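In our numbering, the protein residues as written are 1 to 220.
Worksheet for the structure shown next.
Structure follows, in structure tokens:
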């Protein structure tokens, strides 16, 4: 699953990566430890405009933060067809466990560019409230598999544009997008337990533990 992530890229980099044409009132200050229930920056296609705006992380009505990509089209057919979006990020966290010790790890692109999570959105019961969204997950690539058995569906600019395209439900068209992101384009390292608390939201959350970046090898 994906339970915490960061979004620290400047607005200019986000606009360039995802060809954003319209920006709503959304907070784009750097966030190092975004948690479920918080407002996140998301992009959706509105007619010919690609709009960057706010969504709450949690899909109504039960607040699901993740949806398995393998069953998303069946469980959320209408949202899959009409309410696809992407949530902007530049890193995410997963925890490894050894005995009773849980160690957080931070995953990001080697390029340090922003990327996006494939997501679905729904309106809340109150039509005037901020709509909610859930991140799609898929089986892990070989890097994430060393830490966890699922990973978020990650999309870069061109792939995100294809995910946002309007049109009728075509599972074959999306199948190649809902796959593990290439491990050779990612890096991962252990970070401080500071990220365990949602109250901590500072650059220290993504700083390599021990002060040096240490890549975690994939399982053989």
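Ideal Cβ positions, reconstructed from N, Cα and C, are used throughout, including at glycine.
Values in this document were obtained by computation on a predicted structure and should not be read as measured data.
- Straight-line measurement puts the Cα of residue 112 at about 22 Å from the Cα of residue 162.
- Judged by pairs of C-beta atoms under 8 Å, the region 172 to 187 touches the region 136 to 147, as three or more such pairs exist.
- Annotation for residue 177: 118, 153, 155, 159, 162 and 163 place their beta carbon closer than 8 Å to its own, counting only its chain and skipping 5 residues before and after.
- Burial check for residue 190: the Cβ neighbour count within 10 Å reaches 16 or more, so the residue is buried.
- With a contact defined as Cβ atoms closer than 8 Å, residue 26 and residue 59 miss out at about 19 Å.
- When the Cα atoms are used, residue 100 and residue 23 turn out to be separated by approximately 44 Å.
- For residue 192, same chain residues with a beta-carbon under 8 Å away, outside a window of 5 residues either side, are 104, 204, 205, 207 and 209 in chain order.
- When DSSP states are grouped into helix, strand and coil, residue 160 belongs to the helix group.
- Here residue 1 is exposed, its C-beta having fewer than 16 other C-beta atoms within 10 Å.
- DSSP lists 116 as the bridge partner or partners of residue 155.
- Going by DSSP, residue 87 is part of no alpha helix (DSSP H) but of the beta strand (DSSP E) stretching over 84 to 89.
- A direct Cα-Cα distance of roughly 21 Å separates residue 13 from residue 46.
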